[in-house]
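Take a look at the structure below.
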Amino acid sequence: MNNRKGISPLIATVLLIGLVVAVVASIMLWSRTIIKEEIEKRAPIAQGKLTCQTEVGIDVEEVCIPLDTRRIRVKIRNTKDRIIPKVRGRVIDDEGKSYTEDWSEKTITGFERKTIYFGFRSDFTPKFIEIIPIIFQEGDGGAVEVVCNNYMVRSTELGPCI
């Protein structure tokens with residue numbers, strides 16, 4: 216008489232294959248959700264970079280330091296019709312050290328000229344300034360700040376205002 220206990224190898228194989236399929240399906244569903252969330256999170260940034268390429272342009276008309284001030288005066292012109300709500304100024308000294316300040320007092324509308332000021336520390340001797348436009352791109356999670364590095368304008372050497 217044969218008194219074997221347990222399950223047959225065929226049933227064990229079928230159960231093992233079913234378990235593997237269930238685990239693989241769970242991992243695929245989970246990873247698809249993660250990837251979809253990442254794409255949705257990064258889509259406004261990618262759209263904003265495209266907008267920077269096609270709809271943003273600036274021209275720096277004058278850069279100087281008014282006498283007896285710790286500020287840099289920049290006369291800027293928006294060369295396209297996209298509103299620029301924020302401008303970043305990166306002040307650079309002789310040694311390559313930089314100091315960054317954002318200007319967002321008022322927006323620069325399409326084709327508008329504006330004079331803006333960037334301050335700098337008293338222990339800092341500026342040589343150049345880089346002007347970088349910043350826009351906001353709407354997405355599902357709200358507006359995302361997009362820095363338009365491709366339209367960064369570097370000034371000539373800074374001097375006193377005349």
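Heads up: the sequence shown begins at 216 in my numbering, then just goes up one per residue. For each residue, glycine too, the CB sits at the ideal point set by N, CA and C.
Item                                                                                                                                                                                    : Value
Determine the extent of the alpha helix (DSSP H) in which Thr269 is found, giving its start and end residues.                                                                           : 224–270
How many Å lie between Lys251 and Ile323 at the Cα?                                                                                                                                     : 35 Å
Assuming Ile344 and Ile273 are in contact, meaning their beta carbons sit under 8 Å apart, how far apart are those beta carbons, in whole angstroms?                                    : Not quite, the Cβ-Cβ distance comes to about 13 Å (not below 8 Å), so this is no contact.
Assign Asn365 to one of three DSSP states: helix, strand, or coil.                                                                                                                      : helix
Give every residue of the same chain whose Cβ lies closer than 6 Å to the Cβ of Gln352, excluding the five residues on either side of it in the sequence, and list them in chain order. : Pro259, Gln262, Gly263, Val359, Val361
Quick check: the stretch 363–375 against the stretch 326–336, are at least 3 beta-carbon pairs closer than 8 Å?                                                                         : no
If I follow the unbroken beta strand (DSSP E) through Phe339, where does it start and stop?                                                                                             : Per DSSP, Phe339 belongs to no beta strand (DSSP E) and is neither H nor E.
If you measure from the beta carbon of Glu255 to each beta carbon in chain C, is any gap under 8 Å?                                                                                     : In the displayed structure, chain C is absent; only one protein chain is listed.
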